[in-house]
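Chemist: Dropping the structure in here first, questions after.
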Amino acid sequence: MNISWHWLSELLDLKNITPEQVYNKLTLAGFELENIKHNTDNDIILEISNTTNRSDTNSVIGITQEISGILQCCLNVQRTQINIPFWRQAIEVDDSNQEEYITSIINQIEIKESPNWLKDRLAIYNIPSINNIHDIINFIAIKWSHHINIIELNKVSADLTIDQLKTLEGNRKIAQAAFESHENTYKQTSDIVIQLSKNLPSITRKIYERCRYPEHIKILYKSNDADSRPSNIEAYSEVVSLITKLCNTQYPEQIVHLSTYHKLQKPIHFNYEKIYKILGPVKYKNAYTPQNLITPNTADKIFHNLYFINHTSRHKTYVEIPKYRIKDIEREIDLAEELSRIYGFNQFFDLIPANKLKGQQSTNKHRLNQLRSICRSIGLHEVIHSSLGERYKTKIHNPLNIEYDSLRNNLLWKLIQSSIYNIKQTKKSLEMFEIGRVFLKQPGQYIERIHLAGVLGGNKIVRNTWDRQPQNISWFQAKGDLEEIFERLNISITWNKSDNTQLDSFTLKDLQGYFKIKQYAILYSHDQQPIGIFGEIKTQNTNLPTTDPLYGFEIIIDPLMITSSSISSPHFKTYTKYPSIIRDIKIEVPQTWTMTKVLSNLYTVKSDFIESIELFDVYNNQSIQNRSKSLGFRITYSNPNSTLTAQEVNQIEQQFKNAAIKKVHE
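Just so we're aligned: 446 in full-length UniProt numbering is position 446 of the sequence shown, and the numbers increase by one with no gaps anywhere.
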């Protein structure tokens, strides 16, 4: 956008302001001045480049309004306006097809050469002068970004009356006549119709594609954004004023203004205290003072210079935005940006205020950090995957693309895919874990949870002796790593076989498909709620390029947070001064019994002398007559107050045997 300094001085009071000062102010306000050059008429031309969201500054009046707001000086356009009678009528049409027409008839005009001042204005933009009517059209397009259609009266209707201008159909016919005679040079014109129209989008697009207008006029039809341009009534008034003066004619009898109902724009609520916290203190004599903020009077003055209207009540303030700025100022934060832009970004301190107070992390955050630290300490690498994907059940409305149309309902699937990729690329498996959120769709609701998942094994790194070949970790070794995590979290869990478990958890039901049949187990919390799954990952349907077993797990963390917060601090007690007694007992149970069931029977024996119960031997009897297994338990007894006698130990040992026999025969 080029603008003459002389022209700018006519519209603004620039007596004590230099072009360099305007250059610096516009640069700080977000505009780019590409060049400042002098022409042969002793004038200075400012080449200004605006941003895409400020289409209102594409005209001389638009950029002048912006400069007046930045320099806080008044805009002088009143002298170009005249007092002409307007007849206005609202048109009731569909909101999607808004139309607006300003039309009048002027008779007995003279077509002649334009005055020098008008030629000079057009020469700044390399527009050749043709005649006064043609030059006025170009002048208004540059100054106001409005294309004024001037049509010969006989091309519309020789007997066109004011009453016909007051109808929607009459104005549409005039707009159609302007479209058909767009190449008119107005050489033999006497009576004319002047129209400024906001057409239907289809007509505007047709004008842009077919009409051979100059580029500075054609571009006005490209965006079809008439709301972002300055006042159309003021532009039309100046056209009428110029034609009456330069064409030696009289003012029109009446100007007809037909328009649709304009949508009311809701004012923006403005909170001074909130804006002060966002912008921070301003500089005062280059000193930092936290109390030195933009005053409400300064903010109101800036809004006034930007042609914003303040509505202030006792407790609230609302700011009404002019129609040509509603596209780029929609929220309260936009008003804060306007304040800082006009006041000057360089006038604010860019120092972050010192804060000596430390923030506090929640208990859950501490537990997650502890869990993350434990997983790293046992040799697992942390990975992070996106929550978005294309194979999950929780679908997203209006996704960005097909590849990210759903939210994950588990973490293990992405870990398996990463393991496949690593094995293919490096021939090695990466033992990894991930802590992240999963999103579940259940009947009537959506649930967001935090899960822990991991992949173990896949590498031959374990040696029984130094001369043996390294082997992959076994099922029990991988299980031991997972148990260590819970042990260090001070959380007790129980294990159940997969074939004996009826799962109510939607997440764990989906995860069962990733493991080999009868090669996975379900983890339960202390209140017997399923919280996770562990097992050997199957190679079928996963395309795992390895024969070494991989083990995976996924744990629901949320119930563990509740469990860990309810656990009291550990209590310490002194070692007993008296020796312990160790006894081994043998218990024969059916082969179908699990260790959990056997231990629960033994724990029914209550005695303060029992220190520990450990399994040290298992013997399976494979005979057809007696399919059972013999379990050897090592029980440690101790008394903190005295030495245990053999009689006391024998009584407790007999209770163990009786409890085991009773349960077997029930």
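All C-beta atoms in this analysis are idealised placements derived from N, C-alpha and C, irrespective of residue type, glycine included.
Since the model is a prediction, treat every value here as computed from it, not as a measurement.
#1: How far does the beta strand (DSSP E) with residue 530 in it extend, from its first residue to its last?
#2: Since I believe residue 451 is in contact with residue 554 (beta carbons under 8 Å), could you give me their beta-carbon distance rounded to a whole number of angstroms?
#3: The alpha helix (DSSP H) spanning residue 239 covers which residue range?
#4: Just verifying my parser: in three-state terms, what is the DSSP assignment at residue 143?
#5: Compare the beta carbon distance of residue 243 and residue 162 with 8 Å and say whether it is the shorter of the two.
#6: For the beta strand (DSSP E) holding residue 2, just list the boundary residues, first then last.
#7: Taking contact to mean 3 or more Cβ pairs, one atom from each stretch, closer than 8 Å, check whether the region 514-531 and the region 435-446 are in contact.
#8: Our contact map puts residue 103 next to residue 240 with C-beta atoms below 8 Å; I'd like the distance itself, whole angstroms only.
#9: Is the CB-CB distance between residue 328 and residue 54 below 8 Å?
#10: Can you say whether residue 571 is buried or exposed, counting buried as having 16 or more other CB atoms within 10 angstroms of its CB?
#11: Under a three-way DSSP split, which group does residue 134 fall into?
#12: Put residue 304 into one of helix, strand or coil per three-state DSSP.
#13: What ranges does the alpha helix (DSSP H) occupy inside the UniProt domain "B5" (263-350), keeping only unbroken runs of at least 4 residues that lie completely in it?
#14: Would you call residue 457 buried or exposed, if buried means 16 or more other Cβ atoms sit within 10 Å of its Cβ?
#15: Using a Cβ distance threshold of 8 Å, determine whether the region 11-18 contacts the region 58-77, with at least three qualifying pairs required.
#16: Can you grab the Cα-Cα spacing for the pair residue 511 / residue 533, in whole Å?
#17: Take residue 158 as the anchor and find which of 190, 4 and 166 has the nearest alpha-carbon.
#18: Does residue 649 come out as helix, strand or coil in the three-state DSSP assignment?
#19: Any idea if residue 139 is buried or exposed, counting beta-carbon neighbours within 10 angstroms, 16 or more meaning buried?
#20: Between the region 115-130 and the region 265-278, can you find at least three pairs of beta-carbon atoms closer than 8 Å?
#21: Leaving out five residues on either side along the sequence, give the residues of the same chain with a beta carbon under 7 Å from the beta carbon of residue 573.
#22: Thinking C-alpha only, which one of 49, 311, 586 and 407 is nearest residue 620?
#23: Output the distance between the C-alpha atoms of residue 657 and residue 595, rounded to the nearest integer angstrom.
#24: Give, in chain order, every unbroken run of the beta strand (DSSP E) that is at least 3 residues long and sits entirely within the region 453-503.
#25: At which residues does the beta strand (DSSP E) containing residue 161 begin and terminate?
#26: Reducing DSSP to helix, strand and coil, say where residue 178 ends up.
#27: Please state whether DSSP places residue 605 in a helix, a strand or coil.
#28: Counting C-beta neighbours from all protein chains within 10 Å, is the total for residue 34 16 or more, i.e. buried, or is it exposed?
#29: When the Cα of residue 234 is compared with those of 143, 311 and 267, which residue comes out closest?
#30: Quick check on the DSSP output: the alpha helix (DSSP H) that includes residue 383 runs from which residue to which?
#31: Could you please give me the residues that DSSP links to residue 617 through a beta bridge?
#32: What are the start and end residues of each continuous alpha helix (DSSP H) run of 4 or more residues lying completely inside the region 50-86, in chain order?
#33: Would you kindly work out how many angstroms separate the C-alpha atoms of residue 613 and residue 592, rounded to a whole number?
#34: Do you know how far the Cα of residue 128 is from the Cα of residue 682?
#35: Would you please state the rounded distance, in angstroms, between the beta carbons of residue 411 and residue 436? I believe it to be under 8 Å.
#36: Determine the direct distance from the alpha carbon of residue 455 to that of residue 430, and round the result to whole angstroms.
Modeler: With the given structure in hand:
#1: For this step, residue 530 is matched to residue 530 along the sequence shown. Counting along the chain, the beta strand (DSSP E) containing residue 530 begins and ends at 530-537.
#2: The residue you call residue 554 lines up with position 554 of the sequence shown. The residue you call residue 451 lines up with position 451 of the sequence shown. Between residue 451 and residue 554 the Cβ distance is about 6 Å, and since that is below 8 Å, they are a contact.
#3: Position 239 of the sequence shown, counted from the start, is the residue given in the question as residue 239. First-last of the alpha helix (DSSP H) with residue 239: 232-246.
#4: Taking the first residue of the sequence shown as 1, we reach residue 143 at position 143. Residue 143 falls in the helix class under three-state DSSP.
#5: The count along the sequence shown starts at 1 and reaches residue 243 at position 243. The count along the sequence shown starts at 1 and reaches residue 162 at position 162. Not a contact, by the Cβ cut-off of 8 Å.
#6: In the sequence shown, residue 2 corresponds to position 2, counting from 1. Its beta strand (DSSP E) spans residues 2-4.
#7: no
#8: Translated into the one-based positions of the sequence shown, residue 103 becomes position 103. Translated into the one-based positions of the sequence shown, residue 240 becomes position 240. Rounded, the Cβ-Cβ distance is 11 Å, inconsistent with contact.
#9: Your numbering for residue 328 matches position 328 in the sequence shown. Your numbering for residue 54 matches position 54 in the sequence shown. Contact flag set, yes.
#10: For the purposes of this step, residue 571 is taken as the residue at position 571 of the sequence shown. Burial call: exposed.
#11: Counting from 1 along the sequence shown, the entry for residue 134 is found at position 134. In the structure shown, residue 134 sits in a helix (DSSP, three-state: H, G or I).
#12: Walking along the sequence shown from the start, residue 304 turns up at place 304. Helix at residue 304.
#13: Listed in chain order, the complete alpha helix (DSSP H) runs (minimum 4 residues) inside the UniProt domain "B5" (263-350) are 272-279, 296-305 and 332-343.
#14: Along the sequence shown, read from residue 1 onward, the residue named residue 457 stands at position 457. The Cβ neighbour count for residue 457, taken over all protein chains shown within 10 Å, is at least 16; the residue is labelled buried.
#15: yes
#16: Taking the first residue of the sequence shown as 1, we reach residue 511 at position 511. Taking the first residue of the sequence shown as 1, we reach residue 533 at position 533. One C-alpha to the other measures close to 8 Å.
#17: Taking the sequence shown and counting its residues from 1, one reaches residue 158 at position 158. Selected option, being the one with the closest Cα: 190.
#18: Along the sequence shown, read from residue 1 onward, the residue named residue 649 stands at position 649. It is helical.
#19: Counting from 1 along the sequence shown, the entry for residue 139 is found at position 139. With 16 or more other Cβ atoms within 10 Å, it is buried.
#20: no
#21: Counted from its first residue, the sequence shown places residue 573 at position 573. Nothing listed; no residue qualifies.
#22: Translated into positions along the sequence shown, residue 620 becomes position 620. It is 586.
#23: Position 657 of the sequence shown holds residue 657. Position 595 of the sequence shown holds residue 595. Rounded to whole angstroms, residue 657 to residue 595 spans 16 Å at the Cα level.
#24: 494-497
#25: Position 161 of the sequence shown holds residue 161. No beta strand (DSSP E) holds residue 161; DSSP gives it neither H nor E.
#26: The sequence position of residue 178 within the sequence shown is 178, counting from 1. Helix, per DSSP.
#27: For the purposes of this step, residue 605 is taken as the residue at position 605 of the sequence shown. Coil, per DSSP.
#28: Counting from one through the sequence shown, the residue named residue 34 turns up at place 34. Under this definition residue 34 is an exposed residue.
#29: Indexing the sequence shown from 1 puts residue 234 at position 234. Closest option to residue 234, Cα to Cα, is 143.
#30: For the purposes of this step, residue 383 is identified with residue 383 of the sequence shown, where counting begins at 1. No alpha helix (DSSP H) holds residue 383; DSSP gives it neither H nor E.
#31: Taking the first residue of the sequence shown as 1, we reach residue 617 at position 617. Partner(s): 632.
#32: 60-71
#33: Residue 613 sits at position 613 when you count from the first residue of the sequence shown. Residue 592 sits at position 592 when you count from the first residue of the sequence shown. The straight-line gap from Cα to Cα measures roughly 21 Å.
#34: Shown here, the chain extends from 1 to 666; a query on residue 682 therefore has no answer.
#35: Translated into the one-based positions of the sequence shown, residue 411 becomes position 411. Translated into the one-based positions of the sequence shown, residue 436 becomes position 436. Indeed they touch by this definition, with Cβ atoms about 6 Å apart.
#36: If you number the sequence shown from 1, residue 430 lands on position 430. If you number the sequence shown from 1, residue 455 lands on position 455. Each residue's alpha carbon lies about 8 Å from the other.
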